[in-house]
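Everything on this sheet refers to the single structure shown next.
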Amino acid sequence: MTRTETPTAGVVGTRVPRLEDLRLLTGAGSFVDDITRPAMGHVCFVRSPFARARITGVDSTEALALDGVLAVYTAADLNPAVHEISYALDMVGLPPVPRPPLADDEARFVGDPVAVVVAVDRYIAEDAAELVLVDYDPLPPVLDFLAAADATELVHAAFPGNSAGAMGGRPPADLDPVFDAAAHVVRQRIHQQAYAPVPMETRGIVAEWSAATAEMTIWTSSQSPHEVRGFCARLLGIDEHQVRVIVRDTGGGFGQKVAPQREDVCVLLAARRLGTAVKWIEDRQENLMSAGMARHEYGDIRMAFDTDGTILAATIDHVQNVGAYPTPSPVTGGMVVGLLLPGPYRIPQAGFSAKFMYTNTVGRVAYRGPWQFESVAREVLLDTAAREIGLDPIELRRRNMLRREDLPYANANGMPYSDITPLETFEQAVRMLDYEGFRAEQRRAREQGRYLGVGTCTYVEPTTGNTPFHATEGATIRIEPSGKVNVYVSGGSAGNSLETTVVQLTADALGVDIADVRTVQGDTAVTPFGGGTGGSRSGSMTAGAIAETAAVLRERLLAIAAHKLGAPVADVEFTGGRGFVRTAPDTTVSLAELATIAYFQPDALPPGVPAGLEASGRHRVGQLMIWANATHLCTCEVDIETGQVRLLRYIVSEDCGPMINPAVVEGQIAGGTVQGIGGALYEHLAYDEDGNPVATTFLDYLMPTAAEVPLIEIGHVETPSPGPGGYKGVGEGGAIGSTPAVLNAVADALAPFGVRISRLPLSPATIVELVDQARAAQPGVTE
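In structure tokens form, the structure reads like this:
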């Protein structure tokens, strides 16, 4: 479809070009840094250079003397001004998390904000920040999260053993008898490195306090405008209607921007204290140092198999690093790792334990599929198990994978699966590759001294979870007097194409031309309350809200059209923006004419029909969650001398239900897949032995580019969900499945050496070391 084509009906399910692209690709987007307010101050943070240090004094005299400096705030100024710091995303019963706006008694990671400088521009603010003198008394940091429980030092004095929480299902030890009796037992310990969401646009906020009206207006880069509004109201101790949050364009979030962090708190408090607008835009070094990390965890996983390779049981002991100040909760995403460990397989018995540990590193944040480690641990172990048992990895999975006749199915931890197709996506991906053909090519390559590998991952993904904050979603649709349509949703443009999909859904639901529909999102003053983008919920939730709202307006339109045409309502159709009687399709009444009647000729309305054409509706989640699934499969070549990994083909077969816009679905899959590839091979938010981050620029923090990523081939299986329109979520899956698929491809390529993967990422140096160790352990083994 070219940009000049204008669909008139049935646009849901078609590749409508993204409506936001013209604005974004021509530089006409509106991001936080584009916002300018009168007399606006600019913020720069003074950050700790130590991973852990006692703060014995802060002297801001020289900084305040610098011309253009408006204020310097320390913990003594801002921390007492906090009324409450809490998130609607917080779950009842979870352990409390300390969140002081500024470091007070101690700095707890390198980059911990200690003071806030506000100046007339960012340049002066940065100069002044260097003049703030902080007296530090360095203390031994807690850096190893696996040893944190036994450390003599505490990250937070109120948390013994550096524990941020623990939970579990059936204790893994309860299943020891099953493992003792099994024909095969495979165990693997996997360390996943810390890496970060790294959105294109860093964090940013402009906060403007009006003392005359006691109102706060906030422009921010956020995935959830209404969460920011509620957070600010609780923080300042004011009512929600005194806070307006405006989110225009957001250059990516991936979970990092799902909730305000401590720097946002400081800006809000500073704005009220100064009584003017205050702006903070994070630079890239700050983002990599202070915006949060994810994925840093360890698992000790084991599986028991019978003689035929049937899985009998699986357990995992899981430990997760949550850093010093996790946002929002250290437990929310991590607890799902154990619950989802069985994945899409028939595993009759399972157990898990989970521990969440504080360390003197940057805090953990959500990141596209926060429970992704369950797939990494399970799928890497399955490949190891296949080699040890003597089965092909594809065959081992095929024997154990859930089938249609197994559904609905509750996994061993009680997670209720329905409307998924793991075997179907799995087989589709295998066919797309020509698996047997690849194996033949692999054998020929090995004879030539080249090492090719194939890896796969199949997962099930919970989307649209029924948590309190996410349980409902609203929409307001207003057909203007001109016949044009505006649809209001909480939304916010964060790269997820929600603008386009909302317009498509509305055009179809009303039966109007897509060119006549626009959407207003991201402004809490005019949009209905909503949970924002996160948890792969936007498609199904907004579809439900729009469907309920549009149904009210369609009923009204049909009634007005029938009255105007002099026909029974049951005989009238409305499509393509026009109403007509089925038996006389040439006589029509346009949407604009109906709108004129509704707004300007109330006496011409049929009895019982209200004036105007505006309605609001709210969709409610009707089940615990909606499940999606996919299979990732990739091939690679590994140079055993240099450790270079070259990806050859990458295939994704997914089932996200009917697609609102296939191009958008594929874009989401591709973006997440590239992030997972980065986690497998490149990205590492590393620290040295003193707790200093050593990857705070893109020279050190490596990310995949177009040169490293092959064409991503995508196949679709469409199984409707029980939710509205049958839609499922798709935003997080790519980042879940790609990491284990790549890891397994590399392990398969190195299988002749007996290499077993235990630490990520698989950098060239790591691969060379693994091969050298394997050769040393098995002298004479070269292939």
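Be aware that the sequence shown starts at 1, since it is given in the UniProt record's numbering, and climbs by one per residue. The beta-carbon is built from N, C-alpha and C at its ideal position, and this holds for glycine as well. Here the structure is a predicted model, which means the values were calculated and not measured.
- Remark: three or more beta-carbon pairs, one from each stretch, lie closer than 8 angstroms, so the stretch 280-297 and the stretch 199-214 are flagged as touching.
- Inclusion of E208 and A271 in the CB contact set at 8 angstroms is warranted, their separation being smaller than that value.
- For E637, the uninterrupted beta strand (DSSP E) run begins and ends at 626-638, by DSSP.
- Of the residues assessed, S221 falls on the buried side of the cut-off, its CB having 16 or more other CB atoms within 10 angstroms.
- Fully enclosed alpha helix (DSSP H) runs of no fewer than 4 residues are not present anywhere in the stretch 525-554.
- Judged by beta-carbon spacing, L760 lies within the 8 angstroms limit of A680, meaning their Cβ atoms are closer than that value.
- When C-beta atoms of the stretch 134-142 are compared with those of the stretch 309-323, fewer than three pairs fall below 8 angstroms, so the two segments do not count as touching.
- S616 has T476 as its beta-bridge partners, per DSSP.
- Taking 8 angstroms as the cut-off, the beta carbon of G495 is found no closer than this to the beta carbon of A366.
- Residue pairing for C232: DSSP places it in no beta bridge.
- Between I347 and H184, the C-beta spacing is not below 8 angstroms.
- If you draw a 10 Å sphere on the C-beta of E263, you find 16 or more other C-beta atoms in it, and that means buried.
- DSSP, read as helix, strand or coil, puts K257 in coil.
- Within 10 angstroms of the beta-carbon of E84 lie fewer than 16 other beta-carbons, which makes it exposed.
- Ranked by Cα distance from G672, the first of G253, A592, M167 is G253.
- When only Cα atoms are considered, I757 and R229 end up about 45 angstroms apart.
- Going by beta carbons, L423 and R403 fall inside the 8 angstroms limit.
- C-alpha of D772 to C-alpha of F753: approximately 9 angstroms in a straight line.
- For S375, the enclosing alpha helix (DSSP H) begins and ends at 373-389.
- Counting every other CB atom within 10 Å of its CB across the protein chains shown gives P171 a total below 16, marking it as exposed.
- Burial check for S482: the Cβ neighbour count within 10 Å stays below 16, so the residue is exposed.
- A straight-line Cα-Cα distance of about 21 angstroms links V43 and I55.
- In this chain, N413 is not harboured by any beta strand (DSSP E), its DSSP state being neither H nor E.
- Linking L633 to W627 through their CA atoms gives a straight-line distance of about 20 angstroms.
- Residue burial is scored here from C-beta neighbours: Q448 has fewer than 16 other C-beta atoms within 10 angstroms and is therefore classed as exposed.
- If you draw a 10 Å sphere on the C-beta of G622, you find fewer than 16 other C-beta atoms in it, and that means exposed.
- Contact check for P662 against R15 passes: the beta carbons are separated by less than 8 angstroms.
- With 16 or more other Cβ atoms from the protein chains shown falling within 10 Å of its own Cβ, L382 counts as buried.
- Contact fails between the stretch 432-442 and the stretch 722-740, because fewer than three Cβ pairs, one in each stretch, are under 8 angstroms apart.
- For T456, the enclosing beta strand (DSSP E) covers residues 451-463.
- Secondary structure note for N486: its beta strand (DSSP E) is the uninterrupted segment 485-489.
- DSSP places G237 outside both helix and strand once states are collapsed to three, so it counts as coil.
- Boundaries for E405: no alpha helix (DSSP H) harbours it, and the DSSP string shows neither H nor E there.
- Under the three-state reduction of DSSP, Y435 is assigned to helix.
- In this structure, the alpha-carbon of R203 lies about 53 angstroms from that of P607.
- Per the coordinates, the alpha-carbon of T327 lies some 30 angstroms from the alpha-carbon of I124.
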